[in-house]
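Here the structure is laid out as C-alpha cells; the discussion comes afterwards.
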Amino acid sequence: MNKGDLSSRLKQYAINNGIDLIGITSANPFIVQRKREAFVNPKDILKDAKAVIVTGFYINEKDKTTLTESNSLKGRYNAYDVKAFTPMEKHHTKTISSFLENEGYSVTTNNIHKKNHKNHKIPDKMAAIRAGLGKYGKNSLVITQKFGSFIMFVTMVTNAPLEYEEFSINETDCGKCDICIKSCPTGAIYAPFKVNRDLCITAWLWGDFVPIHLREKQENRLFGCGECVKACPKNKKLKSRAEYPTKIESLSDNPDLIPLLTADKKYFKKTIASFPLCAGEEAILGNAIIALGNIGDSSSAPALKQTVANKNPQIRAYSIWALGRIGGKDSINILQNALLNEKDSNVVSEIHYALDTIKN
C-alpha cells in the first residue's frame, strides 16, 4: 500500500465520521518563538514519528450573556461552544487512532486540555497551517477557508507512512484589514501578528494574575474572550453549528456566579464545562469574583465576605477589589475588618486601594 492510498482512506474515514477538517504534515521539528526561539520535535513525543495529523472542528455559537442583559449575575464564556471542546477532542482522537491502530500503526495525541497547556507540546496553530488547513490572521489565530477562525484543532503524531504537505506559515489573506486589532478590548494585539500575552484576556482567564487597571475589561467572562474572532469579517456570515457527531456536555452557557464562590469540586464539575475547568477551580473562582465586581450588585457582598478569607492571596485580592467596586457600608466594614488581619503586603495594598476608591 502506498502513502497516498493510506492517507486518502484516513481522510475519507475522518470526514465520514464527522471530522470537519483534516490535514497531514511532516514530523519535522517546529520552530516556535515564545520567550526564546526553540524547536519542538514530534519525535520527542513519538520516537519513530513519520507524520503529524491535524484535525479541526467547527465550534461557532451565538453570543453569550453580556453585562447589559437582565440576568446579570451570570458569567459567560467566549463565542466558542466550550461545552463541545472536550467531547469533540475525544471524538477526533478516537476516530483517527482507531483507524490507524487497526492498520497496525501507533498514534499519540497532543493533549490540549491541561492547565496552562503545560503538556501541549506541538503548536497546534502552526501545525494546522503547515498541514494546509488555513493561514494566520493578524490576531495570530488560524483562519480557515470554510470555517473562518471558529475552529479548534486537535494534533496527533503517528508512525504511519502518510503522504504529507508542508505549507508556508508566513502567508496571510488579511490584506489591509486590521479590524481584529481595533476590536481587542485591551490592546493586546498591538501590531499585525503580534500579541502581548500579558494583556490578553484569554491568557488571564487561565489563572494568571489580573492587574487592577485591567480587571474591568474582563467584564463577566469566566473563560475566553473571542472579541477579535467575532469582529473578523471572515466569520461574519458563519452560522451557529446545529449539531455535533458526538454528544456534548449539557451545561449552561451562563453559570450563576454567586454559587461558585462557595462551591466544592463536585459543584464545579457539574456546572462548568470540562475545557474551562482545565484551568482549575481557583482560576474559575477568581474569574467569577472579578465578574461580580464588574457587575457591581450589592447582593453578592455576603458571598464575597467569605472569599476575602480565602487562603489564596490572589482570591483575596480579587474579592477586595470586587467589594470596592460594589461599594456601600457593608463593603466598607468587610474591607476594614480584612485590613486588621491581612498579612500579605500585596493584598494590603489592594485593601487600601479599594478603601480609597470605594463609593459610600
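Residue numbers for the sequence shown follow our numbering, so the first one is 54 and each next one is one higher. C-beta: ideal position from N, C-alpha, C; glycine also. Just so you know, these numbers come straight off a predicted model, no measurement behind them.
Would you tell me roughly how many angstroms separate the C-alpha atoms of residue i and residue j, rounded to the nearest one?
i	j	result
R250	K174	18 angstroms
K199	I72	13 angstroms
K64	T360	50 angstroms
K171	A137	Note that K171 has pLDDT 44, beneath the 50 cutoff, so the model's placement of it is unreliable and no number is given.
G377	I385	8 angstroms
P238	K270	7 angstroms
N113	K289	11 angstroms
L388	N363	14 angstroms
H266	K96	43 angstroms
A391	I404	8 angstroms
V93	E224	21 angstroms
A181	V263	31 angstroms
F291	G381	The sequence given here places Leu at residue 291; Phe does not occur at that position. If I take the Cα positions, the gap works out to 45 angstroms.
R129	L275	6 angstroms
K287	D226	10 angstroms
L310	F220	45 angstroms
F246	E395	43 angstroms
K300	I204	18 angstroms
S327	P355	28 angstroms
K167	D306	Because the pLDDT at K167 is just 48, under 50, the model does not fix this residue reliably, and the value given afterwards should be weighed accordingly. Approximately 21 angstroms between the Cα atoms of the pair.
D101	I196	31 angstroms
My assumption, with CB atoms under 8 angstroms, is that residue i sits in contact with residue j. Please give the rounded CB distance.
i	j	result
M179	I222	6 angstroms
Y158	N212	6 angstroms
N131	C285	In fact, because the Cβ distance is near 13 angstroms, the residues do not count as touching under 8 angstroms.
Y111	R294	6 angstroms
D141	Y243	Residue identity differs from the one stated: residue 141 is Met in this sequence, not Asp. 32 angstroms between Cβ atoms; not a contact.
C233	K191	6 angstroms
I368	L338	6 angstroms
G260	A344	Actually they do not touch by this definition, with Cβ atoms about 15 angstroms apart.
Let me check one thing: in DSSP terms, what residues is residue i bridge-paired to?
i	result
G201	T197
L415	It is not possible to answer for residue 415, since the shown part of the chain is limited to 54 through 413.
Y189	V195
R129	R274
F92	I84
F206	G109
A104	S79, T211
D177	In the DSSP output, where bridge partners are listed per residue, D177 has none listed.
Please say whether residue j and residue i have beta carbons closer to each other than 9 angstroms?
i	j	result
G57	E218	no
G109	V207	yes
S398	L215	no
I325	P312	no
V85	P176	yes
I342	Y371	yes
A336	L252	no
S402	I379	no
L186	L74	yes
W374	G349	no
S283	S351	At residue 283 the sequence reads Lys, which differs from the Ser that was named. Contact: no.
T139	E302	yes
Should residue i be counted as a contact of the ligand ADP given a C-beta to heavy atom distance under 8 angstroms?
i	result
C278	With respect to the ligand ADP, the structure offers nothing, as it holds no ligand at all.
### Query
Can you list, in chain order, the stretches of the alpha helix (DSSP H) that have 4 or more residues and sit fully within the region 234–285?
List check, alpha helix (DSSP H) in window: 254–257, 280–284.
### Task
Counting only runs of 3+ residues fully inside the region 131–167, write out the beta strand (DSSP E) ranges in chain order.
160–162, all fully within the region 131–167.
### Task
At 4 residues or longer, and completely inside the region 348–410: list those alpha helix (DSSP H) runs for me, N to C.
354–360, 366–379, 382–394, 398–410
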